[in-house]
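Residue numbers (the working numbering), protein chains in the order written: chain B, 1 to 117; chain C, 1001 to 1225.
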């Protein structure tokens, strides 16, 4: 998902506007709870709602809402199924989601590199 | 994880890059640890080792006493046990997890690419077994140290598993396994008796550790959804 707005840094008139590394961060993934969910899913092929609930420490409502946002952005695929009579919500990071997370990690490293000592 | 009845909330975290990196590594470790956390794997592997111990004991007691047919059948039983365990263990653990673990703490599927190819595992196991057999034949003194060798191999693997998963009990099991191997080698005795005692003792240690972990897991995660 593209950031809502991007800051630029033009030092003088006529220069190409330069994007600040911090402004390029994926704001959807930068949100702490969503970052926790995405990193948990990054380490596995797929996981169900209960696992994410247990490992993230979020409430059911919070987790549902953040998963819905990640799904809307195409980062997470959610499949509702049944095991016997028990409903099961399987979540997995899409290829796009994996790539977005990898990019976010790199962007964050670049932000640190640009910080003054 | 919040205790039952306790309100859950967003974890407080301004994600600094170091924090994000730490969280990535932590998430990977937690996902790996989840497979071993419940102790079912230890119970299954421990059970397999106990069966091996019983097999070696039977071999020691029966060989040469019930006739050549019994000896041949007993020798044929060994690959059946090993191959059967190799093929069936992961399936049995998976089924047990489906019934006992996933309803309590959630389902996780692991990426297939993380697993070592079966042909490579087979080749390494074959090479190690061949090396041990050649060494035992060429230098009779080496046979006395077979238990210590097994102890260091299996103990080393358990120690590595402890480091990988962050579960200290595996590191402890690794040390115990190596110690059992060394003590059996120092005690002397035939390789069959040492093998029986080694696999029996390590198998029991794994089963006790697994059962303790499983009881703790069930207590911590309740009756399930």
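The C-beta atom is built at its ideal place from N, Cα and C for all residues, glycine as well.
Going by the DSSP bridge assignment, what does residue i pair with across the sheet?
| i | result |
| --- | --- |
| residue 1109/C | 46/B |
| residue 86/B | 83/B |
| residue 93/B | 76/B |
With distance defined between alpha-carbon atoms, name the residue in the options nearest to residue i.
| i | options | result |
| --- | --- | --- |
| residue 1125/C | 1021/C, 1061/C, 1082/C | 1082/C |
| residue 1036/C | 1195/C, 1068/C, 1052/C, 1213/C | 1213/C |
| residue 1209/C | 1172/C, 1031/C, 1103/C | 1172/C |
| residue 1028/C | 31/B, 45/B, 59/B, 68/B | 45/B |
| residue 47/B | 65/B, 79/B, 59/B, 68/B | 79/B |
| residue 1163/C | 1056/C, 1032/C, 1061/C, 1018/C | 1032/C |
| residue 1078/C | 1176/C, 1041/C, 1064/C, 1052/C | 1052/C |
| residue 1054/C | 1073/C, 1201/C, 1146/C | 1201/C |
| residue 66/B | 85/B, 104/B, 37/B, 26/B | 37/B |
| residue 1144/C | 1097/C, 1102/C, 1183/C | 1183/C |
| residue 87/B | 39/B, 49/B, 29/B, 110/B | 49/B |
| residue 1112/C | 71/B, 59/B, 43/B, 77/B | 43/B |
| residue 92/B | 29/B, 34/B, 41/B | 41/B |
| residue 1156/C | 1064/C, 1146/C, 1170/C, 1017/C | 1170/C |
| residue 39/B | 62/B, 75/B, 81/B, 84/B | 75/B |
| residue 1060/C | 1167/C, 1193/C, 1107/C, 1094/C | 1193/C |
| residue 102/B | 1020/C, 1195/C, 1066/C | 1020/C |
Tell me whether residue i, by its Cβ, gets closer than 8 Å to a heavy atom of the ligand NAP.
| i | result |
| --- | --- |
| residue 1052/C | Because no ligand of any kind appears in the structure shown, any question about the ligand NAP cannot be addressed here. |
Going by DSSP, what residue range makes up the alpha helix (DSSP H) through residue i?
| i | result |
| --- | --- |
| residue 1174/C | 1168-1187 |
| residue 1057/C | 1040-1062 |
| residue 1084/C | 1068-1100 |
| residue 1194/C | 1191-1221 |
| residue 1026/C | 1017-1037 |
| residue 25/B | First-last for residue 25/B: undefined, no H or E at that position. |
| residue 1159/C | 1146-1165 |
Answer with yes or no whether the minimum CB distance from residue i to chain A is below 9 Å.
| i | result |
| --- | --- |
| residue 1221/C | Reference to chain A is not applicable here, since the protein chains of this structure are B and C. |
Worksheet item: What residues from the segment 1015-1034 of chain C come within 7 Å of chain B, judged by C-beta to C-beta, listed N to C?
Response: 1015, 1017, 1020, 1023, 1024, 1027, 1028, 1030, 1031
Worksheet item: Listed in chain order, which residues of the segment 20-48 of chain B have Cβ atoms closer than 8 Å to some Cβ of chain C?
Response: 30, 32, 33, 35, 36, 39, 40, 42, 43, 44, 45, 46, 47, 48
Worksheet item: Listed from N- to C-terminal order along the chain, which residues in the segment 1083-1109 of chain C have their beta-carbon within a distance smaller than 9 Å of any beta-carbon of chain B?
Response: 1098, 1102, 1103, 1104, 1105, 1106, 1107, 1108, 1109
Worksheet item: Taking any Cβ of chain C, which residues in the segment 58-79 of chain B have a Cβ under 7 Å from it, in chain order?
Response: 58, 59, 62
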